[in-house]
Amino acid sequence: MTTKKSKIIYTLTDEAPLLATYSLLPIIRTFSAPAGIEITTSDISVAARILAEFSDHLKPEQQVPDNLAELGRLTQKPDTNIIKLPNISASVPQLIKAIEELQAKGYAVPDYPGSPKTEEEKTIKLRYGKVLGSAVNPVLREGNSDRRAPAAVKRYAQKHPHSMGEWSQASQSHVSHMREGDFYHNEKSMTLDKSCTVSMVLETKSGKSIVLKENVALEKHEVVDSMYMSKKALCDFYEEQMEDARKSGVMFSLHVKATMMKVSHPIVFGHAVKVFYKDAFAKHGKLFDELGVNVNNGLSSIYDKISVLPQTQREQIKKDLHACHEHRPELAMVDSAKGITNFHVPSDVIVDASMPAMIRNSGKMWGADGRPKDTKAVMPESTFARIYQEMINFCKTHGAFDPATMGTVPNVGLMAKKAEEYGSHDKTFEIPEAGTANIVDENGKVLLEQHVEQGDIWRMCTVKDDAIRDWVKLAVTRARLSGMPAVFWLDEYRPHENELIKKVRTYLKDHDTKGLDIQIMSQTRAMRYTLERVIRGGNTISVTGNILRDYLTDLFPIMELGTSAKMLSIVPLMAGGGLFETGAGGSAPKHVQQLTEENHLRWDSL
Numbered sequence: 021m022t023t024k025k026s027k028i029i030y031t032l033t034d035e036a037p038l039l040a041t042y043s044l045l046p047i048i049r050t051f052s053a054p055a056g057i058e059i060t061t062s063d064i065s066v067a068a069r070i071l072a073e074f075s076d077h078l079k080p081e082q083q084v085p086d087n088l089a090e091l092g093r094l095t096q097k098p099d100t101n102i103i104k105l106p107n108i109s110a111s112v113p114q115l116i117k118a119i120e121e122l123q124a125k126g127y128a129v130p131d132y133p134g135s136p137k138t139e140e141e142k143t144i145k146l147r148y149g150k151v152l153g154s155a156v157n158p159v160l161r162e163g164n165s166d167r168r169a170p171a172a173v174k175r176y177a178q179k180h181p182h183s184m185g186e187w188s189q190a191s192q193s194h195v196s197h198m199r200e201g202d203f204y205h206n207e208k209s210m211t212l213d214k215s216c217t218v219s220m221v222l223e224t225k226s227g228k229s230i231v232l233k234e235n236v237a238l239e240k241h242e243v244v245d246s247m248y249m250s251k252k253a254l255c256d257f258y259e260e261q262m263e264d265a266r267k268s269g270v271m272f273s274l275h276v277k278a279t280m281m282k283v284s285h286p287i288v289f290g291h292a293v294k295v296f297y298k299d300a301f302a303k304h305g306k307l308f309d310e311l312g313v314n315v316n317n318g319l320s321s322i323y324d325k326i327s328v329l330p331q332t333q334r335e336q337i338k339k340d341l342h343a344c345h346e347h348r349p350e351l352a353m354v355d356s357a358k359g360i361t362n363f364h365v366p367s368d369v370i371v372d373a374s375m376p377a378m379i380r381n382s383g384k385m386w387g388a389d390g391r392p393k394d395t396k397a398v399m400p401e402s403t404f405a406r407i408y409q410e411m412i413n414f415c416k417t418h419g420a421f422d423p424a425t426m427g428t429v430p431n432v433g434l435m436a437k438k439a440e441e442y443g444s445h446d447k448t449f450e451i452p453e454a455g456t457a458n459i460v461d462e463n464g465k466v467l468l469e470q471h472v473e474q475g476d477i478w479r480m481c482t483v484k485d486d487a488i489r490d491w492v493k494l495a496v497t498r499a500r501l502s503g504m505p506a507v508f509w510l511d512e513y514r515p516h517e518n519e520l521i522k523k524v525r526t527y528l529k530d531h532d533t534k535g536l537d538i539q540i541m542s543q544t545r546a547m548r549y550t551l552e553r554v555i556r557g558g559n560t561i562s563v564t565g566n567i568l569r570d571y572l573t574d575l576f577p578i579m580e581l582g583t584s585a586k587m588l589s590i591v592p593l594m595a596g597g598g599l600f601e602t603g604a605g606g607s608a609p610k611h612v613q614q615l616t617e618e619n620h621l622r623w624d625s626l
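Structure representation (structure tokens):
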């Protein structure tokens, strides 16, 4: 008789989690060895993924296996256990830095072609696209999400409460979102009655038929969405909000997630930069194009590209950029001392981290003078922006939350099989020409149709039926085990979520819910209900879609614990295994500082 040795796969990533690993992993191995558990590692860092993708450019001894693909295969096995550390959702500037580092170490990976001209450059850009954004999570998250604060961590936070900024009813801070023309207002959704293969086809007004995506296999009972954001409506919205912020004397800040939403949000970010500095772009736009400036990469792209120009020309451009600030609102700063604004690079201000920080800081962000100031937080897409405004309204009325007494808000998130917007990257397109954007099945039948203009952002999202069934089951299980009320945050006026509501009501009947408090509410109502309980010490499970899973599992832990790094994050894989996520990502200045000063590596972020 042979006994199979238990194995846990521990992923190696980047920055703070990797540094912390050098301290934490030996401790884990020491504790697990007597139990007969083997800990193996798998390198899925940005560098490792670049090398795996471009192994055909490397010497044989430099080649590395595609660890991410292998882990993806292992998630389909019932005995797989993976500890997943936070990984970088690389932006283009981060990717370029990683490429430069690898090239400096003798790896002949190709340069990243920002504006590809040849077929070879287009292919290289497509291949690098696999490394950009949230490339890891959709592969590994083959189950739905169960995130909660462990009881011991919650008790410690209550006993040793972190600081919270005071709130004033006179605060001018608020959230601004689009009221027309965004994805929420331009969404269509349906549930398929049979499996099919679809294509995304643009029928242009000039008579061309452009296939943007083909051979997307969809399953019976799958929910399919078509939605677009209007470029004109977005730019008009930015202009209005910038003028409103200027007149009211509050700072302007933009909150997107250009790392995860690697196709749509850099475009949304780029339009904001271009509108803010429209006078400079009107004067130098042709030169910027010739230099290869990509405004989607922020102001840093402009400064980087103009560095090759003669000094007098360079200084004139900088002067013209600075002149734009005279008739624009003050910008929120990322680093006041270095003069780095909200528009420097798209990955500097990530909504799920930046909004909780702002709310915890009395609704203020940092100004150019290094002082906190009331802020207009601009989140163009209205679908989820409302939840932050609801929390701000609550804080203005009731004051700041008290970590010593507030309740807890665990989350059950719909995440499996690339659910919803977070699985839409390969089905998101900037429309090249006005026309009709159709999702068409293999028989030529148009399933969903949208009328779009040049520059609009069109995407298709999907959710598998078995993922929804599993999500509902997990919600019922957590409600039963915890004894907490569970609220599905679903808006019946949003077509996609209306389809989900029908399924949730159906699948709840498959479970014994006697004695359980399970409700369905719109996002704003669910937030209000949850906060009214939280402030009295009540606990409430939030049951949400994929984006809100991400947002709320930062928002509430940061209020409750001061950090989201100490959450218990479990993904019961649908095939039977387990994915255990731990810690918080980010750069590692504190780790390096402590190492140089004390020769000690901290690992509390894990």
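Every number in the numbering used here is 20 more than the matching position in the sequence shown, counting from 1. Positions of the beta carbon are idealized from the N, C-alpha and C atoms, including for glycine.
Handout entry: Start and end residues, alpha helix (DSSP H) containing G290
Key = 284–296
Handout entry: For A36, the nearest candidate out of M541, P430, S65, P46 (CA to CA)
Key = S65
Exercise for the section: Would you kindly report the start and end of the unbroken alpha helix (DSSP H) that includes F600? Expected result: It is not in any alpha helix (DSSP H) - F600 instead sits in the beta strand (DSSP E) that spans 598–601.
Exercise for the section: State the DSSP-derived secondary structure class of L39, mapped to helix, strand or coil. Expected result: helix
Practice task
Verify whether the separation of the beta carbon atoms of K25 and G56 is less than 8 Å.
Solution key: yes
Practice task
Can you say whether R556 is buried or exposed, counting buried as having 16 or more other CB atoms within 10 angstroms of its CB?
Solution key: exposed
Exercise for the section: Report the three-state DSSP secondary structure of F404 (helix, strand or coil). Expected result: helix
Problem - Boundaries (first-last residue) of the beta strand (DSSP E) holding N566 - result: First-last for N566: 566–580, but that is the alpha helix (DSSP H), not the beta strand (DSSP E).
Problem - N317 vs P113 beta-carbon contact at 8 Å - result: yes
Practice task
Taking E469 as part of the beta strand (DSSP E), name the residues at either end of that continuous run.
Solution key: 466–472
Practice task
With a 10 Å radius around its C-beta and 16 neighbouring C-beta atoms as the bar for buried, classify T14 as buried or exposed.
Solution key: No statement about residue 14 is possible, as the shown extent of the chain runs from 21 to 626 and does not include it.
Problem - Nearest-angstrom Cα separation, counted from M547 out to S502 - result: 20 Å
Handout entry: Residue nearest to D570 in terms of C-alpha spacing, selected from G582, S589, G383, G558
Key = S589
Exercise for the section: Please list, in chain order, all residues of the same chain as Q83 whose beta carbon is under 7 Å from its beta carbon, the five residues on each side excluded. Expected result: S75
Problem - Spatial neighbours of P577 in its chain, beta-carbon cut-off 7 Å, leaving aside the 5 residues before and after - result: A169, T583, S584, M587
Handout entry: For N101: DSSP bridge partner residues
Key = G598
Exercise for the section: Express the C-alpha separation of T361 and E310 in angstroms, rounding to a whole number. Expected result: 25 Å
Handout entry: Whole-number beta carbon distance between G455 and L222, since they are thought to touch under 8 Å
Key = 5 Å
Problem - Residues near G475 by beta carbon distance below 7 Å, same chain, minus five either side - result: K251, E450, I451
Problem - Buried versus exposed call for D131 [16 or more other C-beta atoms within 10 Å across all chains shown] - result: exposed
Practice task
Output the distance between the C-alpha atoms of K484 and E242, rounded to the nearest integer angstrom.
Solution key: 5 Å
Handout entry: Span of the alpha helix (DSSP H) around F257
Key = 251–268
Practice task
Drop a sphere of 10 angstroms on the beta-carbon of L626, count the other beta-carbons inside from all chains shown, and report buried for 16 or more, exposed for fewer.
Solution key: Its pLDDT being 47, under 50, L626 is placed unreliably by the model, and nothing is read from it.
Practice task
Let me know if K97 comes out buried or exposed under the rule of 16 or more other beta-carbons within 10 Å of its beta-carbon.
Solution key: exposed
Practice task
Since I believe Y204 is in contact with T332 (beta carbons under 8 Å), could you give me their beta-carbon distance rounded to a whole number of angstroms?
Solution key: At roughly 47 Å, the Cβ-Cβ gap does not stay under 8 Å, so T332 and Y204 are not in contact.
Exercise for the section: Output the distance between the C-alpha atoms of I330 and A302, rounded to the nearest integer angstrom. Expected result: Correcting the residue type first, residue 330 is Pro in the shown sequence and not Ile. Rounded to the nearest angstrom, the two C-alpha atoms are 20 Å apart.
Exercise for the section: Measure the C-alpha to C-alpha separation of C415 and I540 and round it to an integer number of angstroms. Expected result: 24 Å
Practice task
Let me know if P54 comes out buried or exposed under the rule of 16 or more other beta-carbons within 10 Å of its beta-carbon.
Solution key: exposed
Practice task
Kindly indicate if chain B contains any beta-carbon less than 8 Å away from that of D476.
Solution key: Of the protein chains in this structure there is only one, and it is not chain B.
Practice task
Name, in chain order, the residues that DSSP records as bridge partners for R479.
Solution key: M247, T448
Handout entry: Complete runs of the alpha helix (DSSP H) confined to the region 516–562 [at least 4 residues]
Key = 543–554
Exercise for the section: Using the Cα positions of V159 and G92, report the straight-line distance between them to the nearest angstrom. Expected result: 5 Å
Exercise for the section: Closer than 6 Å by C-beta to I29: which residues in its own chain qualify, once you throw out the five before and the five after it? Chain order, please. Expected result: T60, S62, I102
Exercise for the section: Would you kindly work out how many angstroms separate the C-alpha atoms of L467 and L39, rounded to a whole number? Expected result: 49 Å
Handout entry: Limits of the beta strand (DSSP E) - the one that R168 falls within
Key = 165–168
Problem - Residue of L551, M480, R545, G383 minimising C-alpha distance to V218 - result: M480
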